[in-house]
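Note sheet for the following structure.
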């Protein structure tokens, strides 16, 4: 029997990650949507039953954000689905999403990642798989372009960071749905994905279809490819900036102060990255530290003493005598 192309695409994407890292245990984030269920099914297959099975212990995990009516019942159903699909172990967690100055989506993401990280620690899993697809990547790149952000934002979602991996960034949403259909998996459609209150939902439903019609029917693929190309460039620049950061900061407290004399001779692309690293070391929020903040830090380096810039994460940057210092604020 010929394997459906969509099923093959998802399994191949997962196989690349598992064979490269050979984790003894892997956590799979599962919301009950087509993307995550296709991801879980493929992970179970590759880990347990494929010709070159990795022998990996698969742990399915669902997080209830409590943002929709009936979320507890939905979470229970997802747990049952994960077990039925062959997960060796299942976890579920309920979190309280407090905005703390963030949007609902960002706050939910932070809470979800915290839970997934805790589960990974509990089961000693070096890898957590996330179900973001090529479509998600295209939307992220387009949102970054619309914000006028720098290359880091336009590069979209990273394929891997910390314990997290995104194996499906070359797989479309349509392919994950087709894979579920082929394997007889019923998925849940999150109503937030079509709720016009959320910017990403409007980009998905209104903006991208227009771009496909007017510019190019493969605009999603092209946006995702742009992210990959930029990621390679950014990785090279970040490597240079990491070495420059150590030189500029020297023996100073890494989280509080940057020497401007050392910063002055660096190209702007490297100097701005050094300042960004210092802000993150002081506690600024990575997910919310945009190009506008980094530009403000660069201008601060030329400002008179006493000038200051507020950064996300309750961090203030202050121009001192030959330095830019960072401190946490209430």
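In full-length UniProt numbering, the protein residues as written are 1 to 330.
Cβ coordinates follow ideal geometry from the N, Cα and C atoms, glycine included.
These numbers come from a predicted model, not from an experiment.
Checklist entry - Is the distance from the Cβ of residue 165 to the Cβ of residue 62 below 8 Å? => result The answer is no: Cβ separation not under 8 Å.
Checklist entry - Whole-angstrom Cβ separation of residue 60 and residue 90, contact assumed at under 8 Å? => result Confirmed, Cβ separation roughly 5 Å.
Checklist entry - Taking the DSSP output, what are the residues bridged to residue 129? => result BP columns for residue 129 point to 28 and 165.
Checklist entry - Which first and last residues belong to the alpha helix (DSSP H) in which residue 274 is found? => result It spans 268-281 - the alpha helix (DSSP H) in which residue 274 sits, taken as one unbroken run.
Checklist entry - Among 69, 122 and 271, which one has its Cα closest to the Cα of residue 27? => result Comparing Cα-Cα distances from residue 27 to each of 69, 122 and 271, the minimum goes to 122.
Checklist entry - Rounded to a whole number of angstroms, what is the C-alpha to C-alpha distance between residue 240 and residue 263? => result Computed Cα separation, rounded: 13 Å.
Next on the checklist: So the candidates are 212, 148, 191 and 221; which of them puts its Cα closest to the Cα of residue 169?
Outcome noted: If you compare the alpha carbons of 212, 148, 191 and 221 with that of residue 169, the shortest gap goes to 221.
Next on the checklist: Please list the terminal residues of the continuous beta strand (DSSP E) segment that includes residue 323.
Outcome noted: For residue 323, the enclosing beta strand (DSSP E) starts and ends at 323-328.
Item to check | Counterpart residues of residue 197 in DSSP-defined beta bridges | outcome: Beta-bridge pairing links residue 197 to no other residue.
Checklist entry - So who's on the other strand from residue 257, going by DSSP bridges? => result Residue 257 is bridged to 325.
Checklist entry - With 16 as the cutoff for other CB atoms within 10 Å, does residue 331 come out buried or exposed? => result Any question about residue 331 goes unanswered here, given that the chain covers just 1 to 330.
Item to check | Length of the line joining the Cα atoms of residue 309 and residue 228 | outcome: About 32 Å.
Next on the checklist: Let me check understanding here. Comparing Cα to Cα, which of 141, 326 and 186 lies closest to residue 200?
Outcome noted: Selected option, being the one with the closest Cα: 141.
Next on the checklist: Only counting the same chain, and skipping five residues up and downstream in sequence, which positions put a Cβ closer than 6 Å to that of residue 224?
Outcome noted: Correct list, in chain order: 134, 137 and 138.
Checklist entry - Within 7 Å: the Cβ of residue 257 and any heavy atom of the ligand FAD? => result This structure simply doesn't include the ligand FAD, nor any ligand for that matter.
Item to check | Per DSSP, cross-strand counterpart(s) of residue 60 | outcome: In the DSSP output, where bridge partners are listed per residue, residue 60 has 28 and 90.
Checklist entry - Straight-line CA distance for residue 254 to residue 281? => result Confidence is the limiting factor: at residue 254 the pLDDT is only 49, short of 50, which leaves the residue's position unreliable and the question unanswerable from this model.
Item to check | Euclidean distance between Cα positions of residue 5 and residue 248 | outcome: Here the alpha carbon of residue 5 sits roughly 52 Å from the alpha carbon of residue 248.
Item to check | Span separating the alpha-carbon of residue 147 from that of residue 70 | outcome: Just so you know, the alpha carbons of residue 147 and residue 70 end up roughly 35 Å apart.
Checklist entry - Would a C-beta distance cut-off of 8 Å place residue 297 and residue 321 closer than the cut-off? => result In this structure, residue 321 does not lie closer than 8 Å to residue 297 by Cβ.
Checklist entry - Taking all protein chains shown into account, do 16 or more other C-beta atoms lie within 10 angstroms of the C-beta of residue 173, making it buried, or fewer, making it exposed? => result When all chains shown are included, residue 173 counts as buried.
Checklist entry - For residue 155, does the three-state DSSP call read helix, strand or coil? => result DSSP places residue 155 in coil when its eight states are reduced to three.
Next on the checklist: Closest to residue 56 by C-alpha separation, out of 210, 86 and 33, would be which residue?
Outcome noted: Of the listed residues, the one whose Cα sits closest to residue 56 is 86.
Checklist entry - By Cβ distance below 7 Å, which residues in the same chain neighbour residue 399 in space, the five residues on each side in sequence not counted? => result Look at the range of the chain in this structure, 1 to 330, and you will see that residue 399 is not part of it.
Checklist entry - Looking at C-alpha atoms only, which residue of 106, 38 and 151 is the closest neighbour of residue 233? => result It is 151 whose Cα lies nearest to the Cα of residue 233.
Checklist entry - Expressed to the nearest angstrom, what Euclidean distance is found between the alpha-carbon atoms of residue 217 and residue 13? => result The straight-line gap separating the alpha-carbon atoms of residue 217 and residue 13 is approximately 23 Å.
Next on the checklist: Taking 8 Å as the threshold (beta carbon to beta carbon), is residue 40 in contact with chain D?
Outcome noted: In summary, chain D is missing from the structure at hand, where a single protein chain is found.
Item to check | Segments of 4+ residues assigned as alpha helix (DSSP H) that fall wholly inside the stretch 163-249 | outcome: Here the runs fully enclosed are 173-182, 199-202, 208-214 and 219-249.
Checklist entry - Can you pull the DSSP bridge partners for residue 316? => result DSSP output for residue 316 lists 310 and 327 as bridge partner(s).
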